[in-house]
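Student: Residue numbers (this note's numbering), protein chains in the order written: chain X, 1 to 418; chain L, 419 to 601; chain D, 602 to 691; chain B, 692 to 1668. All residues carry an ideal CB built from backbone N, CA and C; glycine is no exception. This one's a predicted model, so the numbers in the text were calculated from it and none came from an experiment. I have a structure here, written as structure tokens, and I will follow up with some questions on it.
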Amino acid sequence: MRFSSWKVFTEGLSGNKGWSAHWRDAQPKSEYDYIIIGGGGHGLSTAYYLAKNHGITNVAVLEKGYLGGGNVGRNTTIVRANYFLQGNSEFYSHSLKLWETLEEDLNYNVMHSQRGLINLFHSDGQRDAFARRGNMMINQGDDAILLDREGVRKELPYLDFEQTRFPIYGGLFHKRGGTARHDAVAWGYARGASDRGVDLIQNCEVTGIDIVDGVVKGVQTTRGPIKGNKVAIIVAGRSGQVAAMAGRRLPIESHVLQAFVTEGLKPVIDHVISFGMGHFYMSQSDKGGLVFGGDLDFYASYASRGNLPMKEHVMEAGMTLMPMIGKAKVLRSWGGIMDMTPDGSPIIDKMEGIDGLYIDCGWNYGGFKAVPASGWCMAHLMATDTPHDVAAKYRLDRFRTGIGIMDEEGTGSQHNLH
Amino acid sequence: MADLIAKSPCAGLLPVTHGTTSLSEVEMTTLTSVAPYKGQETGLSDALKAAHGMALPDINRATGKEGARAVWFGQGQVMLIGPSPASSLADHAAVTDQSDAWALVRLEGEAAEDVLARLVPVDLRRAQFKRGHTVRSQLQHMMVSITRTGDNAFLIMAFRSMAKTLVHDLETAMRGVAARGSA
Amino acid sequence: MRITCPLCGERDRREFYYVGDAVALERPDPDAGDVVWDDYVHNRDNPAGVTRDLWYHESGCAAWVVITRNTVTHEILSTELASKVKEAQS
Amino acid sequence: MRVNGKGLVDRSAPLSFTFDGKSVEAYAGDTVASALLAAEIKMIARSFKYHRPRGVIGAGSEDPGALITVGSGAVQDPNVRATVQEVYAGLETRSQNCWPSLNVDLLSLNDLAAPFLGAGFYYKTFMWPKAFWEKLYEPVIRRSAGIGALSGKHNPDTYEKAFAFCDLLVIGAGPAGLMAALTAGRAGAEVILCDEDSVMGGRLNGETYEIGGQSGQDWAARAVAELSAMDNVRLMTRTTVTGAYDQGTYGALERVGHHLGGLGDTPLECFWRIVAKRSILAAGAIERPVAFRNNDRPGIMTASAVRTYLNRYGVAPGKKVTIFANNDDAHRTARDLVAAGVHVAGVIDTRQDAPDGEGYEVYKGAEVCNSEGRKALEAVTFRYPDGREDKLQTDCLAMSGGWNPSVHMTCHMNGRPTWNEDILSFVPTDGTVPGMVTAGACNGAFSTHAALAQGAAGAEAALGDLGIKMTKADLPEAEDAPYRLKPLWAVAGKGRAWLDFQNDVTVKDVKLAAAENFRSVEHMKRYTTQGMAPDQGKNSNVAALAVLADATGRGIPETGTTTFRPPYVPVSIAALGAGAQGDGFAPQRFTTSHKASVDAGAPMIEAGLWYRPSYFPAPGERTWRQSCDREVNMVRNAVGICDVSTLGKIDLQGPDVGEFLDFVYTNMFSTLKVGKTRYGLMLREDGTVMDDGTTARLGENHFVMTTTTAAAGPVMRHLEYVHQCLRPDLDVSMISVTEQWAQFAVAGPKSRELLNGLLDVEIDDASWPFMACGEVTLQGIKGRLFRISFSGEHAYEVAVPSRYGDSLFRLLVARAEAMGGGAYGMEALNVLRIEKGHITHAEIHGRTNAFDIGFARMVSAKKDCIGKTMSERPGLVGEERAQLVGLKPVGVVQQITAGAHLFNADDDPVRENEQGYTTSVGFSPTLESYLGLAFLRNGRARHGEEIKMVDHLRGITTRCVVCDPVFFDPEGGRVRG
């Protein structure tokens, strides 16, 4: 079924009786060519691009809960391409381009909105670091503008410019940055993949990976064994447990990141704002809620919930930066499980030494915007057994060799600092 | 040539009173960090007793009295407040002059506990935190040492450079408590 | 979250700094080889369940503490001074 | 309409407030909701999507109907529940989400377009033409979305946070909570009792129950009086416990000043972090509405809310009230109304075996299937079991679909509630929050007797756990009526039947979601937005689940439930972020020279929480560059003074310090002679440079280490880590002495001359050669002197105890000025160090290693150190690495900027061609040129090569020659004087 305004109109006139399932609920077959473990954003986009770009449709996506129930359904929805290191720059640039045509591509309104992202800086040193970033963005063909204090004031007049603790020096304005409706991204990819023949299997937890003589043969699941020639682990925060089924340890520590939303408010914040000194970022959703977050809780956790000190820290950052949000009331807070790597950059690679096993993980807390390109590149890797150009640096062995480490934060091999 | 003049950390900021609570600066004195070398705790305690009449305090405790205290200051560390350290201490411990490193203030009044409850994540009510008890903790965002020196009095130590913030945070809490009455 | 510092007693989590897996205490020999070192510095068991990790009582007594903890429930099972753990190892 | 002789409001204290500019009469003790109902103002708000009229539905913080704005101007407070806001004289309230007015709201046109605006319609449309989404569709959607509005101005009110500790936290002061607090309080336990209402008692204040022969209201008042006389009990009214966190930590929001006009220093709110050894959740239950066609009109309320307005506030919400229910409990509403003289039009009870009326008609087995009335309820239509329909003229419908225990807090730590078929609702699962037990209605025990008994039992269990002795409580007598109900979620029929009154989610929407395969409860929620409104599904979740279960052919337990997450009620950002507004986000650190610097007109800049002077403007100077150039020249030609106290200083003592330092630094320190200083490089274990600085050996077993300003804390933590976790065998003691010493750089050819007028004993090159250190005295005061140099000049750093810092700085500056020098700031310091190629964190930014900065030789081959092994990884050395170089402009454009990228002279400035980037730049008055430090691929082999620097952002392209990073005095003759 093709979605359109006309369809909404005609269905409305006829009692909305004609709508059908956005995706098929498939029963697992005994064998597939490709098995994707994980029905989150990255797994679904991988399945979609396997089908669309490579014509590979005998694919199962195995999801232990419900589709899109992981980080794609619990993030602060920011989409941007503002990285400055080789490897990340081209990848996120590619992803943003995919976002820009995603609605047409999927025939699903994911409400990608290029509201503009402003990263504030608070010292000369930070300005220089952001200049390096912005220049790289332009080198890559993306957009960036360096705003001075007055430039920021013009865009964001409601910030507290009198505050002297971390005064606002300026900002890096990335106009093509913005937000999207997170759940819709998962659903749109699910619908697209399902329409092309991919089996989406919910409530199907993988309990083992079958490997014989270094070759993947399939997986064991709570709904029985499933054979497959190529198996991909795309499970974000759960990467450690699934990789362990294949006898591997990963350079990943799983951490909780909290996010917050307020009650609906009339439009007051147009951009996505990021406060460098406070690890605070905020945007306003189309429904009117202020959506915001900050740093990790900083301890390894699978609890999908956080504690008060970081909540307070985030709110304190908000209050020092933009005290006009004081009377907005937090309605809900939640946590996601972040797959943190030692350099803050992801991994899209074959699992060395196990034929047919692939891994896509380590998205730290920047995985949402990567969903299109991650799927695109992972599908390419699985289909061709060669890395896609824009993801060629996301190798698993970079930590051992030191070649191509991409540490945007510069905080080193402490997983929770990225 | 002009003389070198000593200036206290809270000069020009204190004293202040809000409601029944007062905040004042403790007169500048000698602060000495004493950190026993391996296996020297007993030797140090003996030396401390002999020289200054105070035992080495236990964890979370202070010994001595106004004018001469030994305050537990963290793992393997005691802050001697008041006396000039006897040279015998150095036989057993790393001895470091900290006289100018800390701002010392005294918070006093019936609502002092309520004031600190707005800033410090430790139970400092008298039933739990008695005279002679001390903690290393934080006050708002600052690392501090807090010792109960009286039924309604606390000695609070924060980094000298943060004196202004220390006073600001305490005063803000004092104002709030005063406005509410003792809750 | 409350953490019992082996010295100070039970304290709010906000007084502590977390660094990661307590595997940090088991530093390899300089010539242990790249695989061992890679494992030490980067790779983690990352269990969904009981783990031992390393915290620093930064705004308390400055002790490094090994905490045995459940990453799913946040239950804290035990806390020990890292220096004692290390001394016991060697 | 007021009912005489009822309620806890103070009829002797009339007052007035405004709603939408109109004055409304009220009494002390009223909420805005009770006062508006008394004034017969039914329509108070508009719904989110269809802008349907909304009135009061509930009577507590869960009310999904009456959201208002309080106050105007900067204090404007949106989305306040009229049911929670207490009235005071002069209170100003307004309706929201309507334009131009509540009465005439243009967006109520949305209601007519409802067929096209069903669940998830927006995922299917607004995609063409592409550019219209951001330019047209989205702006229109955003403008019509949202509920209340922020003022857009800085928040002017005061908020605070606080900590509290107790043995037992009791959450909710209804009969269960009061009984629990009494039991524990009498036993001497430290108890905190929180209730979100202004008066404790919970439902007892809204009912006509009797307890122990007295009215429930009186019993509650006596219990509160007894509790408030106990020193060990803290009563917190207007305090909602908002969340349960790990190890017995709870968040609670106290509304301190919302009921007061004119606050002064009184905070508006206080956010509490309560640490409790045990807790009892006695949060009560929330009555659930019933979904039927047009069940959302103002005047349709929950049955218990009607009782509350009658019994607690003395207000009849209608003149002719109808009750619609599936349970016995709702019949109380009819009885209470009749007893108070309010006309009851009838009770429509879906049960054939419903009890008979006591002075009112009961329509057994019937169900309400529609309502009428545009902005307020006028009539309801109901259907008999045989399908016949009838109509009742009524202005208030009190509905009850049963009760949902407030299990929310038991789910905050990922617990899932358990379905209980007897009460057709979820009840708490034991043990989901460690240390918490549940009692009373929130535990599914709905009679007053059960509440009292469970409250007492919960407290007894907690006391037992804590080892506190007690005597068993005598339970007062109370009603123990059984709870009987028949399932009733949604009345079948056409039209829209509301589930979520705020987000306008109807039964149809949930069915549509199921049809479109959003069958998982989480999918349904996210697709329809059910339960995502301000009430977070408190009123609607269970009914929506039941509708979904029905639509998907599953039972409710297997359908599952969405997760309740904190906070239980919305919490303002200002409360959780209290203290940070303005400069309170982090401590401010001031050097001892701060005042003198400010007095000298220096702009102060932030550096690692410290403030440092940027430059010291001299008379006639108009730009910072003029000052900076002068200050650089001053240091190069005379003498300059700079406060360097912010650098971290760590005192290390003990027999093993040398060995310890050898392990943390790449180079050797155990061989350093007493009285000497050495530059050291420190790595992280991954081989990247962590920090650098000089370390002086003051005695055989005594060193003092210098760190950079920003890294002082992290280095201290790192040293403690290395000591405690890796080398506890070493006898080393360390302590920060950063704050102890005020330390000033005295730099320039005249530095010794300046010092020699100050030091009690004069120094010369023999007694104090380059890199010497030791104790000195100034006017008899013990200080320290280091002959070290960041500027590359003959220079010293002199340190005195901080109390003398202000005085010494002024003295040094005065002497320097007399010698043609003066104070210099960060700008000049930066230029001086760039001229010398000295690195800062602009270069050691966490991605560079010793090889990159040209210090590979400093990694001693003779020993192991932190980071050594990993720094030898193949990817961290070699030609591919960007290496530290100097840059000088050689073309027409003379400017170099930091953060620019480097390219081969003839390459396009695109990512694929990137060769490196600039890190630090400055104009050198000494060399009369811009100078840059940069990292360039294979840079050390490219000295002399011409490259291109491109700064797209600032529009600058500069041709530069690559050179050694040490631009000035590369032989280092000047530091040796």
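Taking the alpha carbon of ASP640 of chain D as the point to measure from, which residue in X:LEU417, X:GLY404, X:ARG400 and X:GLY412 has its own alpha carbon closest?
Tutor: Minimum Cα distance to ASP640 of chain D is reached at X:ARG400.
Student: So, with DSSP's three-state summary, where would you put SER660 of chain D?
Tutor: Here SER660 of chain D sits in coil by DSSP.
Student: Applying a beta-carbon distance threshold of less than 9 Å, which residues of chain D neighbour ILE564 of chain L?
Tutor: Going along chain D, no residue has its Cβ under 9 Å from ILE564 of chain L, so there is no contact; the nearest lies around 12 Å.
Student: Quick check on GLY942 of chain B: buried or exposed, where buried means 16 or more other Cβ atoms within 10 Å of its Cβ?
Tutor: By the 10 Å Cβ count, GLY942 of chain B comes out buried.
Student: For LYS1367 of chain B, report the span of its beta strand (DSSP E) as first-last.
Tutor: Here LYS1367 of chain B belongs to no beta strand (DSSP E), and DSSP marks it neither H nor E.
Student: Going by beta carbon distance, what residues of the same chain come within less than 7 Å of ALA974 of chain B, once the five residues before and after it are set aside?
Tutor: So the qualifying residues of the chain are ILE862, GLY863, SER1097, MET1100 and CYS1133.
Student: ALA853 of chain B CB to nearest chain X CB: under 8 Å?
Tutor: False, the Cβ-Cβ gap to chain X never drops below 8 Å.
Student: By how many angstroms is the C-alpha of GLY751 of chain B removed from the C-alpha of PRO309 of chain X?
Tutor: One C-alpha to the other measures close to 29 Å.
Student: Specify the secondary structure class of ASP1451 of chain B as computed by DSSP and reduced to three states.
Tutor: Here ASP1451 of chain B sits in coil by DSSP.
Student: Just checking: is the beta-carbon of TRP638 of chain D within a distance shorter than 8 Å of some beta-carbon in chain B?
Tutor: Yes - at least one Cβ of chain B is within 8 Å of the one on TRP638 of chain D.
Student: Going straight from the alpha carbon of GLY461 of chain L to that of GLU253 of chain X, what length do you get?
Tutor: Approximately 45 Å between the Cα atoms of the pair.
Student: Considering Cα atoms alone, identify which of B:VAL831, B:THR1610, B:ALA880 and B:GLY1630 is closest to ALA636 of chain B.
Tutor: No answer is possible for residue 636 of chain B: it lies beyond the span of chain B, which begins at 692 and ends at 1668.
Student: Starting from ARG833 of chain B, follow the alpha helix (DSSP H) in both directions and report where the run begins and ends.
Tutor: 829-835 is the span of the alpha helix (DSSP H), which, as asked, contains ARG833 of chain B.
Student: So, helix, strand or coil for CYS1464 of chain B, using DSSP?
Tutor: Reduced to three states, the DSSP call for CYS1464 of chain B is strand.
Student: Residues in the same chain with beta-carbon distance under 6 Å from THR565 of chain L, minus the five sequence neighbours each way, listed in chain order, please.
Tutor: These residues qualify, in order along the chain: ALA480, VAL489, THR552 and LEU573.
Student: Would you mind telling me which residues of chain X sit closer than 7 Å to ILE832 of chain B, beta carbon to beta carbon, in chain order?
Tutor: What ILE832 of chain B touches in chain X: ASP286.
Student: Quick check on LEU859 of chain B - is its C-beta less than 8 Å from some C-beta in chain L?
Tutor: By this cut-off, LEU859 of chain B is not an interface position.
Student: Can you find a CB in chain L that lies within less than 8 Å of the CB of ALA1277 of chain B?
Tutor: True, the Cβ-Cβ gap to chain L drops below 8 Å.
Student: Below 8 Å on the Cβ atoms is my contact criterion, and I expect ASP1497 of chain B with LYS425 of chain L to pass it. Report the Cβ-Cβ distance as a whole number of Å.
Tutor: Right, the Cβ-Cβ distance comes to about 5 Å (below 8 Å), so this counts as a contact.
Student: Using the beta-carbon count (16 or more within 10 Å), is PHE823 of chain B buried or exposed?
Tutor: Answer is exposed; the Cβ neighbour count stays below 16.
Student: For GLY876 of chain B, I'd like the list of residues in its chain whose CB is within less than 7 Å of its CB, leaving aside the five on either flank, ordered along the chain.
Tutor: Cβ neighbours of GLY876 of chain B beyond the five flanking positions: VAL882, LEU918, MET921, ASN923 and VAL924.
Student: Residues in the same chain with beta-carbon distance under 7 Å from HIS658 of chain D, minus the five sequence neighbours each way, listed in chain order, please.
Tutor: Around HIS658 of chain D: CYS606, CYS609, GLU616, PHE617, ALA664 and VAL666.
Student: May I have the straight-line CA-CA distance separating THR1282 of chain B from LEU1410 of chain B, to the nearest angstrom?
Tutor: Looking at the two C-alpha atoms, the distance is approximately 25 Å.
Student: The alpha helix (DSSP H) that contains PRO1248 of chain B, what's its start and end?
Tutor: Here the alpha helix (DSSP H) through PRO1248 of chain B covers 1247-1250.
Student: For the stretch 1353-1363 of chain B against the stretch 1546-1565 of chain B, do three or more pairs of beta-carbon atoms, one drawn from each stretch, fall closer than 8 Å, so that the two count as touching?
Tutor: The stretch 1353-1363 of chain B is in contact with the stretch 1546-1565 of chain B.
Student: Leaving aside the five residues before and after MET640 of chain B along the sequence, list all residues of the same chain whose C-beta is less than 8 Å from its C-beta, in chain order.
Tutor: Only positions 692 to 1668 of chain B appear in the structure, and residue 640 of chain B is not among them; the question remains open.
Student: Give the residues from the stretch 1326-1352 of chain B that approach chain L closer than 7 Å (Cβ to any Cβ), ordered along the chain.
Tutor: Answer in chain order: ASP1342, GLN1344 and GLY1345.
Student: Using a Cβ cut-off of 8 Å (strictly closer), state whether ALA601 of chain L contacts chain D.
Tutor: With a pLDDT of only 41 at ALA601 of chain L, under the threshold of 50, the placement of this residue in the model should not be trusted, and no figure is reported.
Student: Look up GLU898 of chain B in the DSSP assignment and say whether it is helix, strand or coil.
Tutor: Coil, per DSSP.
Student: Roughly how far, in whole angstroms, is the beta-carbon of ALA736 of chain B from the beta-carbon of ARG1187 of chain B, given that I think they are within contact range, below 8 Å?
Tutor: ALA736 of chain B to ARG1187 of chain B, Cβ: 18 Å. No contact.
Student: Are any of the Cβ atoms in chain X nearer than 8 Å to that of HIS675 of chain D?
Tutor: True, the Cβ-Cβ gap to chain X drops below 8 Å.
Student: What residues are listed by DSSP as bridge partners for GLN688 of chain B?
Tutor: In this structure chain B extends from 692 to 1668, so residue 688 of chain B is not present and cannot be described.
Student: Starting from ALA379 of chain X, trace the beta strand (DSSP E) both ways and give me its first and last residue.
Tutor: Unbroken run through ALA379 of chain X is the alpha helix (DSSP H), 367-384; no beta strand (DSSP E).
Student: Once the 5 residues before and after GLY492 of chain L are set aside, which same chain residues still bring their CB inside 6 Å of it?
Tutor: Result list for GLY492 of chain L: ARG554, in chain order.
Student: Taking the beta carbon of VAL215 of chain X as the centre, do at least 16 other beta carbons fall within 10 Å, making it buried, or is it exposed?
Tutor: With fewer than 16 other Cβ atoms within 10 Å, it is exposed.
Student: Run through chain D and tell me which residues come within less than 9 Å of GLY362 of chain X, C-beta to C-beta.
Tutor: None at all; the shortest Cβ gap to chain D is about 11 Å.
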